[in-house]
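Enquirer:
Residue numbers (full-length UniProt numbering): 1 to 76.
#1: Do the region 37 to 55 and the region 66 to 74 make contact, defined as three or more Cβ pairs closer than 8 Å?
#2: Looking only at its chain, what residues have a beta carbon closer than 6 Å to the beta carbon of residue 61, apart from the 5 residues adjacent to it on each side?
#3: In or out: residue 17 buried (at least 16 other Cβ within 10 Å) or exposed?
#4: Roughly how many whole angstroms lie between the Cα atoms of residue 25 and residue 53?
#5: Quick check on DSSP: helix, strand or coil for residue 33?
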């Protein structure tokens with residue numbers, strides 16, 4: 001499995017979503033890192049987030065950050 005820069009940007013963006021509440025999301029501004037803006041657009045197209053500029057995690061997104069947290073804990 002190869003990990004390219006697009007994949008890393010998507011993981012980085014997912015890691016920025018708050019875990020404390022499903023009612024909290026993120027908003028990417030126009031001056032944000034271009035790789036994160038592009039990652040948000042890809043995650044939106046994949047159905048992971050509900051807006052191309054961040055927004056909230058979908059059910060799929062919530063599942064993915066759960067797995068991301070598990071990987072992070074295992075490798076920490």
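Glycine included, C-beta positions come from ideal geometry on N, C-alpha and C. These numbers come from a predicted model, not from an experiment.
Expert: Working from what's here:
#1: no
#2: 48, 49
#3: buried
#4: 10 Å
#5: coil
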